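What follows is a short report on a single structure.
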Amino acid sequence: MNVVAVKTRFDFQAAVATMLDGIGVHPSHAPDTQPLDYQFWTRAGLLSLHPFDTWLHSRFQDSRAAAHIIPGGPLNACSGKWNWHFTQPTPADVDQMERLLEHLL
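The opening residue of the sequence shown carries number 5 in the numbering used here; numbering runs sequentially from there.
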């Protein structure tokens, strides 16, 4: 009997949506937003998120406030961009983002 292994692709967008829902963050229904756009208040100000297939677009409205709370790392202290890029995202990547976001709520 030949057994063929089927490799399933990790659905990063769905995993991020599930993680955000689990910490009480829901899609934004603001005008001019996409179905997977999120906007919510954090200790560092308003944060906008949009998950894509292999990366998460994130931007703080107040980059200065964010820089005081999130020193270094992928945060651009000038623009407020806090993007996360992965070659092949994994559940561990989503877990790491969850811990960081929980720290900000």
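All residues carry an ideal CB built from backbone N, CA and C; glycine is no exception.
Source: prediction; values computed, not measured.
- Counting only the Cα atoms, Q92 lies some 28 angstroms from Q65.
- Membership of S67 in any beta strand (DSSP E) is not indicated; the residue belongs instead to the alpha helix (DSSP H) covering 67-73.
- Nearest Cα to W86 within the set A21, V20, L53, D41: L53.
- Looking at the DSSP output, G49 bridges to T46.
- Taken through DSSP and simplified to helix, strand or coil, L109 comes out as coil.
- A Cβ-Cβ distance of about 11 angstroms is found for the pair L105 and A48, leaving them out of contact under the 8 angstroms criterion.
- R103 is bridged by DSSP to nothing; it lacks a bridge partner.
- For L50, the CB contacts under 8 angstroms within the same chain, skipping 5 residues up- and downstream, are Q43, F44, F64, Q65, D66 in chain order.
- DSSP places F90 outside both helix and strand once states are collapsed to three, so it counts as coil.
- DSSP places L60 in the uninterrupted beta strand (DSSP E) bounded by 59-64.
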